[in-house]
Structures are given as structure tokens and as C-alpha cells.
Amino acid sequence: MSIRRYALAALASAVFAGSAIAKDYELLNVSYDPTRELYQQYNAEFIKHWQQAHPGDKVKIQQSHGGSGKQARAVIDGLR
58 MSIRRYALAA LASAVFAGSA IAKDYELLNV SYDPTRELYQ QYNAEFIKHW
108 QQAHPGDKVK IQQSHGGSGK QARAVIDGLR
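What follows is the structure in C-alpha cells.
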């Protein structure tokens, strides 16, 4: 094999090995209170879509809802 073929084989191995690693994601969805029900449904659909596109990955979405000033202060203070 030529050096070019070895390089292409190494590159392909790196790409496929990297994509086979499952990851865990934790997201925080912060919005004001009237959107609570909307985002419960949206987050569930987002998780389904993500897991179809990235098999093996785990996604957890936490929600935080309240008045806009309260939410902004919580995020500034490091809400997690």
C-alpha cells in the first residue's frame, strides 16, 4: 500500500472510532413560566430526534421556569 492509502485508512479509522463513542448530555432549558407545557412536549421530541441521529447518546433536559427577572438572576448566579 502507498502512504496515501495508509493515511486514508488511518483517517477513516479515526472518524469512525470517534463517532462510535456515546456521550451523555445534560441541558438546562430556562424560560418564563407560561412556556412550561410547550417545552415539556418540545424537549421530549428533541430527545427522540437527537437519539435517532446519535444512537447511543443519552440526553437529559431539565427545565427551569419562572418570571423573567427571577430566571435571569438564577442564571447569573450559576443555575445548574
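Numbering (the numbering used here), first residue to last: 58 to 137. Beta carbons: idealized from backbone N, C-alpha and C, even for Gly.
Host beta strand (DSSP E) of residue i (start-end)
i: H122; result: K115 to G123
i: D81; result: D81 to Y89
Residues near residue i by beta carbon distance below 6 Å, same chain, minus five either side
i: L85; result: Q119
i: Y99; result: none
Reduced DSSP category for residue i - H, G, I as helix; E, B as strand; rest coil
i: L95; result: helix
i: I133; result: helix
i: H111; result: coil
i: I104; result: helix
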